Amino acid sequence: MCLAIPLKIKKIIGKRAIAEGDGHLHDVHLGLLKNIKVGDYILASHNMALNKIENSEAKKILKLIKNSSFK
Numbered sequence: 027m028c029l030a031i032p033l034k035i036k037k038i039i040g041k042r043a044i045a046e047g048d049g050h051l052h053d054v055h056l057g058l059l060k061n062i063k064v065g066d067y068i069l070a071s072h073n074m075a076l077n078k079i080e081n082s083e084a085k086k087i088l089k090l091i092k093n094s095s096f097k
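Just so we're aligned, residue 27 is where the sequence shown starts under this note's numbering, counting upward by one.
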């Protein structure tokens with residue numbers, strides 16, 4: 027099963043970003059999104075940023091994942 031997970035943008039280099047999720051860093055492609063900046067949360071799957079989400083929404087999703095059997 028594939029799951030899009032919230033990641034927090036730490037650094038942007040062109041159309042790529044270093045994003046953090048669950049204590050791990052990910053190299054994420056930003057080609058589908060515009061106006062992304064450091065500190066934003068995105069939903070990503072397979073190292074592709076799919077959507078920008080609000081910080082509060084990201085935190086809700088991360089809490090659900092932490093308390094689920096997806097680990």
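Ideal Cβ positions, reconstructed from N, Cα and C, are used throughout, including at glycine.
Just so you know, these numbers come straight off a predicted model, no measurement behind them.
Between Ser71 and the rest of its own chain, which residues show a CB-CB distance below 8 angstroms, the 5 nearest in sequence each way excluded?
In the sequence shown, counting from the first residue as 1, residue 71 sits at position 45. Cys28, Leu29, Ala30 and Ile31, listed in sequence order.
Are the Cβ atoms of Tyr67 and Ala43 separated by less than 8 angstroms?
Residue numbering aside, residue 67 sits at position 41 when the sequence shown is read from its first letter. Residue numbering aside, residue 43 sits at position 17 when the sequence shown is read from its first letter. The answer is no: Cβ separation not under 8 angstroms.
Drop a sphere of 10 angstroms on the beta-carbon of Val54, count the other beta-carbons inside from all chains shown, and report buried for 16 or more, exposed for fewer.
Along the sequence shown, one-based indexing puts residue 54 at 28. It is buried - the Cβ of Val54 has at least 16 other Cβ atoms within 10 Å.
Give me the DSSP bridge partner(s) of Asp48.
Translated into the one-based positions of the sequence shown, residue 48 becomes position 22. DSSP lists no partner for Asp48.
Cβ neighbour criterion (16 or more within 10 Å) applied to Ile35:
Your numbering for residue 35 matches position 9 in the sequence shown. Ile35 should be labelled buried.
Go through its chain and collect everything with a Cβ distance to Glu46's Cβ below 8 angstroms, but skip five positions before and after it.
Sequence index remark: in the sequence shown, residue 46 carries index 20 (1-based). Answer for Glu46: Leu33, Lys34, Lys36 and His52, listed in chain order.
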